[in-house]
Structures are given as C-alpha cells and as structure tokens.
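Participant: This structure is in structure tokens; I'll ask about it shortly.
Protein chains: 2
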Amino acid sequence: MLNRVRSAVAHLVSSGGAPPPRPKSPDLPNAPSPQTAAPPEAPRSPPATAGSGSAAPAKTVEARASFSRPTFLQLSPGGLRRADDHAGRAVQSPPDTGRRLPWSTGYAEVINAGKSRHNEDQACCEVVYVEGRRSVSGALREPSQGQGLCFYYWGLFDGHAGGGAAEMAARLLHRHIREQLKDLSCWSSQKEVTHESLVVGAIENAFQFMDEQMARERRGHQVEGGCCALVVVYLLGKVYVANAGDSRAIIVRNGEIIPMSREFTPETERQRLQLLGFLKPELLGGEFTHLEFPRRIQPKELGQRMLYRDQNMTGWAYKKIELEDLRFPLVCGEGKKARVMATIGVTRGLGDHNLKVCSSTLPIKPFLSCFPEVRVYDLTQYEHCPDDVLVLGTDGLWDVTSDCEVAATVDRVLSAYEPNDPSRYKALAQALVLGARGTPRDRGWRLPNNKLGSGDDISVFVIPLGGPGSYS
Amino acid sequence: MLNRVRSAVAHLVSSGGAPPPRPKSPDLPNAPSPQTAAPPEAPRSPPATAGSGSAAPAKTVEARASFSRPTFLQLSPGGLRRADDHAGRAVQSPPDTGRRLPWSTGYAEVINAGKSRHNEDQACCEVVYVEGRRSVSGALREPSQGQGLCFYYWGLFDGHAGGGAAEMAARLLHRHIREQLKDLSCWSSQKEVTHESLVVGAIENAFQFMDEQMARERRGHQVEGGCCALVVVYLLGKVYVANAGDSRAIIVRNGEIIPMSREFTPETERQRLQLLGFLKPELLGGEFTHLEFPRRIQPKELGQRMLYRDQNMTGWAYKKIELEDLRFPLVCGEGKKARVMATIGVTRGLGDHNLKVCSSTLPIKPFLSCFPEVRVYDLTQYEHCPDDVLVLGTDGLWDVTSDCEVAATVDRVLSAYEPNDPSRYKALAQALVLGARGTPRDRGWRLPNNKLGSGDDISVFVIPLGGPGSYS
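Residue numbers (the working numbering), protein chains in the order written: chain A, 1211 to 1682; chain B, 1211 to 1682.
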C-alpha cells in the first residue's frame, strides 16, 4: 500500500516486558518462538500446511524470514528474486505445470515500483476442511449427519509499515475461520438466527481473533505493521465476501457490475472515528480535536465563525472557534491523502498494534477496527456462465482502474479464450495487473493514455462463478 | 405512538433545583413562564405566530394548556372536543373555507382508540422567511443580493409519554431551522462544502438545539415525554426530508415508490446502541449487558455456550456464558416489541430528558439520538405531474399500511379528481387515514380484510410535487 502510513515504520515501538500469554485455543496455531531474523533476501521456507489442500495445525516451530511470496506461486530462489525486483516488475502467476488453484482461479501479482523493499501484499487460496465440534451436551452428532464440511477460501492481504501482519494473516486467518465454523455443527434453528448469519458471525469473530493473536505475538515475533484483509469464503452455495480495508471485490456478471465490498478510509468512516474521539476524548491525548473543519484553523481566527462537522452530522454548520478547535483534526485530508491522526489512510484491518502518531506516543489502534463488512452472494440464485467472475484486487489495481474498465477487460480477455480453457482466468488476472502497472516509459510506469500506472504492489484474484472449472 | 414507552409516564421524574439557564440565542423563542395548567379539556389558545405565514419570534408569555391541535385545523371548541373523541374517531382536516395550506398540501388526522387521553401527534405547515445574518466581517451583504430567503416547511411530531414535547417541537423547530439557515447568507464556496450540505447541517443542528431547549425548559414547563420528528424543508429547488424516529416519508412518482426516510428503532440501531453501552459501560448501571442473545439466559446456563452478537457484528457467534451475561439485554424484543432498556421502542427523537428505566433511576436519554437522517430530493431533475406526491405519515399509518398500498390509494383517489382540483390532496390524506383507522366492527376498529386497524394516533401530510398548486 503506497504511502498509506506516513513515517509509521520509524515510529513503531518495540515494547519489552513480560512474554505475551499463549493463545487459549489448543488447536489454533501458535506463532513460532522468537528467533534471529533470517537474512533479508533468503526465501522463506513454505509452511508445512500452505498451498491448496486441507489446512492442518501448524505447530512446528518455523524459521521466521523477512520476505515470502504465496506458496502457490511455487517460486524457486531465482524466481523469488525476480518477483522481488522493483526495476523489472515482472508479473507473477502460478506455473502452468503443477496443481491448478481451486475452481481454476486466476491469480497475478506484481511488486511495487520501489516504495517498500518487498512486496507487502500477500495472498492465500485454500480448500479447508472443518471438523465438527462436540455439541453442547458433549455428545458427538450422529455419524450419519457427517462430522464436518468443506469451504473454499481466497484471501488478499495488503500490508503496510512492514510485511509481517500480511504474512501472518495469509498463513492463519483461514484457520481462525475454520475454528469458528466448527460451531456450525451444533447449530439448531433458533429465532432470528439463520445459517447464513452464523457463517457471517464466524468470519467476523475470526478477524477479531486473528487481530488478537497479532497483538499477543507481536513482541519478539516481528509482526510489524498491519494489513488490509479481503477474504472470500464459499460454503453451501453462498459466497461470503469479507472486507476490512481498502481492497475491493466486484462481481462481473453478464457484463453487469455487482459491488461486493466497500472501502474503509478516514473519509468513509469519518463519523465512526469522530464518535469514538467524542466519547473517549482521552484517546485524542489533548493533541487532536474530533471536529472536522474544511481547513486548518489559525490561532488568529479564535472567536470567529467557522464551518465544522461533528460526529452526528453529514452536513456542515457554523460554530465560533474556541481554543481546542486549534488542535489538529482527528480526520483530515481528502481522497488518497486522507489520514487518521495525520498518520494512516485506512481505518480497518489487522495488526497495527504498535502504530503511534508521528512524534508522539499516542496509539492509533483504538481508532482502527479489525471487523470486516461481510456481503453475501447466493450462487444458486442465478445460472452463471463461464464469463461470470468475482474479481478481488488490492488498491494497487483500483487506484488506476475503474470497475467499468475491469469489466471491459473481463470481456476482452475471456472472449479471446475458449470457455472451457481453464487458463483464461489466469490470463485475465495477468491482464488486469499489467493494465494497472503499465510499461516503463518517460521515467515512470505509464498506462497507454500516458497517465502514471500504479507504483504500488498489485495483486488480483479472478474467481470464476460458473463454467468448466466449477465446483459442485 | 402506541405502547412505545412502557410505563414511562409513571417513571417521569420531576426534578427540582435551580432554574434552568435561558436560551442564549436572543431571537429564539423562550418558553412561557410556569403557570398552572389549564383544565384538561380547554382548548389551547393558538400561539400568535402559528398557522401559515411568516414565523415571528414568540416572546409573548402564553398560557400553557394540556391539549391542542394544529392551528391550521381552525377547530372551534366543539370541533376540538370531536377531535378528542376516542369513541367516534372522526377524521380531521383543515376546513374548505379559509386559506389553503401551501402547495395545496393535504392533511388529515385521527385520534387513537384510547391508548392515551389525547392525540399525541402534532403537525405544522409553514412558509418561513429567513433574514440574512450579518456576515463574518460584520458588514451586511450588498442590498442587491437580497437580504433573505423563504423556505416551505412541513412537520409531523409523534409524541409519547405525554404530548408536551410534540407540541413544543411543532411550535418551535422550524424557528430553530430558520435561525440556522441565517448562516447561508455568509456562505461562500469552499472545498467540500456545497450549498446543499449547509442546508443539511442547518437542519441537523436545529434538531440538536430544539432538543437542548427542551432539556433546559423541561423543569416547570411540563415538556413531558418525547416525540419523533419528521420534517420536510423545501428550499431553492430541493426537498430535504429529515427524520428522527419511526414516522416515514415516501415519494410516489408515476406509480413508483421512492423511500425518503428510514425508521430508527432498537432493531435498526442495535449496533449504535451496543457500541455506546460498550464504550460507556457506566450508562448500563450494572443492570444491563450490551451483548445481544437470542433469548433471555437462565442462571443455570452459566458456563454453557450460547449464541450472541456484539456491537461490531451483523452475524451470530457462540460464547461461553459468564455472570454478566445474565443481566438484562440493552436491546431486546422483536419488531414493534423491540425495546431499549426494556422501556422505549424508538431510538431517535426530541425530548425524553426525564425518561428513566422502569423501577430504576437509570436515564435512557444517552442512548437516544436527537439527530435526524436527512435525505435530499432534487425537484428540478424530473418533470413532475399533479399525481406525484410526497406522503408523510406517523407510525399509525405505516403499522397497518404498506408503501405499495399507499401508492395504490394515491392512484385510486387522485384519479377520481380533476388534476387541477386542489382539494384532491386533502381527500387523499383523508382516505389514507381512514384506510389505516378502519371502521368499528366486532368490538374493534377493523379494516376491510377484517384485520385490526391502527389504534394509534394517525397523521398524514400529502404534499404535491407538481401541478396546479405548485410553487415557482
């Protein structure tokens, strides 16, 4: 994520003190013990359980490394070096040899143009088996009902202020979801509580537990920074899209665009942030005001009338400027430059437990939410064709590509392939990444219209919703 | 509002102590001095400034009365008695003689079937002139630019636990809006701040100032209870619909329904309420839990797993029951029976400053919001015909009438009149009220389908959006 955290790395605090408590859940993976960091360029050994397939607990103590790419890319040490090359910015996809991603999912990524040492995006694509939990009474369900279920899972994690949080989320979030979904097996119909609302609740809680695990294990395990998380779960005919951050998911169906997420930024979450600052003024540390003004106020304007917005307001009104209105606004800036406490440009995600306001010890985490918004799409309500896809992208894609441009690329690329050619979705993901990156020209990466392409990390999943590679 | 406040009247606290401070704004109306209440059935003398026409400050000390109906109904003492008759439930509208309401607006109302002594709904319809405020520098604007502007105003106020708050809001809220709109004259284009967002901000602030005035003047002035407020402002080509409560506004345009408000109830505002209880646990007084459960938990279930929802969740998940989960839930019940703190069924509105939890001194007001949601409809973007209307109704209408049924009645009634007959909108308002009230049969007020009609107060405005009675 480009420029999302202003100087945040310089302000990360490595706290000492007592070791953090261990996770309570016995079959959730514990993080590895503290070890010396591996050399920066050394590729991270793939965790024992990563890659497509069932996700078993990772209790093995692994060597922690500073840089890795998704296991399903199957990168050799040389391939990893090419993926890490800011000058060439080669687009990476899983190889044609070897196992395909579930549903013939397409994936492509490219590293940033130099804004951070490594690609801080991470990705995960898994089929996850959920064992049933013993029911409340302690008895297992009847064997004839089956003991478990499977879900399909895709995750994009866009890191900032370091790659640690994104790596950890890519490795573990689906296991938290699996843990939460075990409760589905003891569900019996109760008022208000539908099966769908239980899956939504499971995903919401999994995000929270993932964030809590990052908080516990940040000391000594170098879970630096934070990450946006965009996650898709397919279970029993329904697609659940959970988003915490500024990545985006859209469905392109018969040319029509169906938004499946919205972005959480200081602008879209202004009222939530202001309300928190209003109810808990101690979080502002006497340095910030929860009020919003159209511009920074000068001391000489004290006593004059000025436009403002409070946490309950969508419109603007006038107030007389008082002394505390001279403080820095909790939310300020516009568009991609909007910031919470002059520091961070995204308001939901995982991690960031050590993030402080620049030149201050004021923590920013209380204003960030780890909870995703979950949207549900019923796959059985529509006869999908092979050209209908769900596109997930980090903000590197969407900063320079509109929904309509993505839909046009979907049409252009897929129509160039046979409907039953499973490689078409990878080609589409690559085309989307290439289209957002551009080509090197005039001292920069440029799009065909000569505007600048994205200098950020760019990662894209293309998930087909019907067709030859489909599920049943 | 039927059953909205459970036993709240019995728990109103009449606080003593020092007299409240006077309002700061010199030209905002002060409430009358404390006086002995007039006899219950005595009609309230119309305030000097009510009725259609410009709204001048009401500085005159008026006799406070316990019951009044909107001045534009022009009720005689006998008429007022009929309007107050629970047995007959005669539908009231402005007389055909005398001045018509602005835009040939239709209005009708009927009293409840006995749930409260008087009709606790109130209404207001005004044309309001706004003088320009002196600009920031102290100089008046150039005379050629004009010193002021006019807005059209309609308000429906649905009282609960007494009629005082609704009466006060009907008398004063438009004057608070006028006061706020004076700032429009010193507006010059600034980034982000549109003219529309200033009108929205003015309306939002006016609701807040109205609520603060009720808080200041509740002692000794019998501003009992609270009220929902649904308000329409027409200014410079745009219709602003502001709603705080569970009244509803819809536009019916060429048969199509355009929702112009949403209802604020414990169910629709669950997450806001829970968040407040979570951030400010002292507001729960150790009596309530901010968590939601599908049913009340029994002490013997301690330690077992139970479904719950927290303030960040839209789905349900499981938790182990702890001691404090046995407290009464902050939000409980479903549909019309949903309550905050087991007491009130609506979560936005004006007043309620003395409302306490039943058998407790715990105040409920901190959980209620006086801020409206404001929706804007640009009247110039569409060529409206005489059959296009904006319908405002208190929940007495909507409890038994769907949006589609209202649209069908709009079509049926208006097509029976000439398009240029200004009485058609009154006839429509009457038809809507009659259709929701029903007729006395089988020991109750019943609809043609034999279901029960609304036993609540019912009030309806029908505002034509184009046609002969139109504005320019």
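No residue lacks a Cβ here, since even glycine has one placed at the ideal position from N, Cα and C.
1) Quick one: what does DSSP say A/Lys1392 is sitting in, helix, strand or coil?
2) With burial defined as no fewer than 16 other Cβ atoms inside 10 Å of the residue's Cβ, what is the status of A/Pro1539: buried or exposed?
3) Excluding sequence positions up to five away, which residues of its chain have a Cβ less than 7 Å from the Cβ of B/Gly1663?
4) Looking at the unbroken beta strand (DSSP E) that takes in A/Tyr1317, where does it start and where does it end?
5) Who are the neighbours of B/Phe1206 on chain A, taking C-beta pairs under 7 Å?
6) Could you list the residues in the stretch 1509–1536 of chain B with a C-beta less than 8 Å from some C-beta on chain A, going in chain order?
7) Does the beta carbon of B/Lys1546 sit closer than 8 Å to a beta carbon anywhere in chain A?
8) Could you tell me how far apart the beta carbons of B/Arg1482 and B/Trp1608 are, in whole angstroms, since I believe they sit closer than 8 Å?
9) Exposed or buried, A/Asn1630, counting other C-beta atoms within 10 Å across all chains shown (16 or more means buried)?
10) Assuming A/Gly1436 contacts A/Ala1375 (C-beta within less than 8 Å), just tell me the rounded distance between them.
11) Once you ignore the five residues that flank A/Ala1323 on each side, which residues in its own chain have a CB closer than 7 Å to its CB?
12) Quick check on DSSP: helix, strand or coil for A/Arg1634?
13) Does DSSP put B/Ser1235 in a helix, in a strand, or in coil?
14) Within the same chain, show all residues whose beta-carbon is closer than 6 Å to that of A/Gly1543, passing over the 5 residues directly before and after it, in chain order.
15) Taking CB distances under 8 Å as the criterion, tell me whether B/Ala1452 reaches chain A.
16) Take every Cβ of the stretch 1410–1419 of chain B, pair it with every Cβ of the stretch 1332–1340 of chain B, and state whether three or more of those distances are shorter than 8 Å.
17) Where does the unbroken beta strand (DSSP E) through A/Phe1488 begin, and where does it stop?
18) Give me the residue from A/Asn1659, A/Gln1508, A/Gly1447 and A/Ala1552 with the minimum Cα distance to A/Gln1591.
19) Name the residues in the stretch 1486–1505 of chain B whose C-beta lies less than 8 Å from a C-beta of chain A; which are they?
20) Can you give me the Cβ contacts of B/Asp1421 inside the same chain, cut-off strictly under 6 Å, excluding the 5 residues immediately before and after it?
21) Would you please verify whether the beta carbon of B/Leu1578 is less than 8 Å from any beta carbon of chain A?
22) Could you tell me which residues DSSP puts in a beta bridge with B/Ser1669?
23) Are the CB atoms of B/Glu1414 and A/Asn1522 nearer to each other than 8 Å?
24) Using only alpha-carbon positions, find the residue among A/Ala1318, A/Pro1312 and A/Gln1484 that is nearest to A/Leu1283.
25) According to DSSP, simplified to helix, strand and coil, what is B/Arg1361?
26) According to DSSP, simplified to helix, strand and coil, what is A/Thr1611?
27) Taking all protein chains shown into account, decide if B/Ala1379 is buried (16 or more other Cβ within 10 angstroms of its Cβ) or exposed.
28) According to DSSP, is A/Gln1302 part of a helix, a strand, or is it coil?
29) Terminal residues of the continuous alpha helix (DSSP H) containing A/Pro1208?
30) For A/Arg1506, is the classification buried or exposed, using 16 other Cβ atoms within 10 angstroms of its Cβ as the cut-off for buried?
31) Kindly indicate which three-state DSSP category B/Lys1325 falls into: helix, strand or coil?
32) Quick one: what does DSSP say B/Arg1526 is sitting in, helix, strand or coil?
33) Mapping DSSP to helix, strand and coil, what is B/Val1541?
34) Any beta carbon of chain D sitting closer than 8 Å to that of A/Gln1390?
35) Between B/Leu1602 and chain A, is the shortest Cβ-Cβ distance under 8 Å, so that the two count as touching?
36) On a CA-only basis, which of B/Gly1496, B/Asp1535 and B/Arg1634 is nearest B/Val1567? Give me that one, please.
Facilitator: Here's the rundown:
1) helix
2) buried
3) Val1610, Ala1646, Arg1647, Gly1648, Trp1655, Arg1656 and Leu1657
4) Gly1316 to Val1320
5) Summary: the structure shown does not reach residue 1206 of chain B, with chain B confined to residues 1211 through 1682, and so no result is reported for it.
6) Gln1514, Arg1515, Leu1517, Arg1519, Asn1522, Met1523, Thr1524, Gly1525, Trp1526, Ala1527 and Tyr1528
7) no
8) Rounded, the Cβ-Cβ distance is 22 Å, inconsistent with contact.
9) exposed
10) 5 Å
11) His1296, Arg1299, Trp1655 and Gly1665
12) helix
13) Its pLDDT being 38, under 50, B/Ser1235 is placed unreliably in this model, and the coordinates cannot settle the point.
14) Arg1549
15) no
16) no
17) No beta strand (DSSP E) contains A/Phe1488, which is instead part of the alpha helix (DSSP H) from Arg1480 to Leu1489.
18) A/Gly1447
19) Leu1486, Leu1489, Lys1490, Pro1504 and Arg1505
20) Leu1560 and Cys1580
21) no
22) B/Glu1319
23) yes
24) A/Ala1318
25) The identity of residue 1361 of chain B in the sequence shown is Phe, whereas the question assumes Arg. Strand at B/Phe1361.
26) coil
27) buried
28) strand
29) In the structure as shown, chain A begins at 1211 and stops at 1682. Residue 1208 of chain A is therefore absent and cannot be evaluated.
30) exposed
31) coil
32) The sequence shown places Trp at residue 1526 of chain B, not Arg. Looking at B/Trp1526 - three-state DSSP - the assignment turns out to be coil, as it is neither helix nor strand.
33) strand
34) No chain D is present in this structure, whose protein chains are A and B.
35) no
36) B/Gly1496
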